[in-house]
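Following: one structure in structure tokens, then a few remarks.
Given below as structure tokens:
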């Protein structure tokens, strides 16, 4: 698959599950769609340069350039760069000690939320929408080999996406802090 294939799947997942979700200001639905289209824009360059572990930094540089050319506000550009460079949910799900990781991620969520004058729970919800749109693009629900199916549960009748029971258990400590 290509980065373009993945990006299209991310956009489809967002539209399928989150298109009607309210996003905290200054984020808008249309800006979020543009952000999703750009979220992996530096991936190829990071791989070609042998620095794939620094993909987020490459993404931030390219997002800054493109959104700046479009004339978006410095605040929106910084918000996009912050989101693409921060993965609190992935950090907790991958952690061998999710409770401790949750505490550290919660501190960072609060810092980011305060920086953008967004309530911390709303900032977390924004990160959750981003994570679920992006990661669920690697599932059979997105017509992709079932790489990350174990993270999610899908209700096709009501077009809802949830974290699986296993994921919910790992995320419980973080969500207890958030809510």
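In the working numbering, the protein residues as written are 112 to 290.
Beta carbons are placed, not taken as given, at the ideal position from N, Cα and C, and that holds for glycine.
Item, Value
"Pick out whichever of 143, 181 and 172 has its Cα sitting closest to the Cα of residue 118.", "143"
"Does DSSP classify residue 271 as helix, strand or coil?", "strand"
"Going by C-alpha distance, which of 234, 166 and 189 is nearest residue 290?", "234"
"Apart from the five residues just before and just after residue 248, which ones in its own chain have a Cβ nearer than 7 angstroms to its Cβ?", "117, 120, 121, 124 and 255"
"Please list, in chain order, all residues of the same chain as residue 151 whose beta carbon is under 7 angstroms from its beta carbon, the five residues on each side excluded.", "114, 117, 118 and 170"
"Say whether the region 177-185 touches the region 194-204, bearing in mind that this needs 3 or more beta-carbon pairs closer than 8 angstroms, one atom from each stretch.", "no"
"If you reduce the DSSP assignment to three classes, tell me which class residue 338 lands in.", "The question about residue 338 has no answer here: the residues shown for the chain are numbered 112 through 290."
"If you run the structure through DSSP and keep just helix, strand and coil, what is residue 243?", "helix"
"Hey, residue 133 and residue 213: beta-carbon distance below 8 angstroms or not?", "no"
"I need the DSSP call for residue 168, collapsed to helix, strand or coil.", "helix"
"What residue from 271, 282 and 281 has the CA that sits closest to residue 127's CA?", "271"
"Assign residue 158 to one of two classes, buried (16 or more other C-beta atoms within 10 Å of its C-beta) or exposed (fewer than that).", "exposed"
"Could you spell out where the alpha helix (DSSP H) holding residue 189 opens and where it closes?", "185-195"
"Quick one: measure Cβ to Cβ for residue 281 and residue 203, integer angstroms, because I've assumed they're closer than 8 angstroms.", "6 angstroms"
"So, at 8 angstroms on beta carbons, what are the nonlocal neighbours of residue 293 in its own chain, with the 5 sequence-adjacent residues on each side left out?", "Coverage of the chain is limited to positions 112 through 290, which leaves residue 293 absent and any answer about it impossible."
"With the cut-off set at 8 angstroms, would you say residue 138 and residue 190 are in Cβ contact?", "yes"
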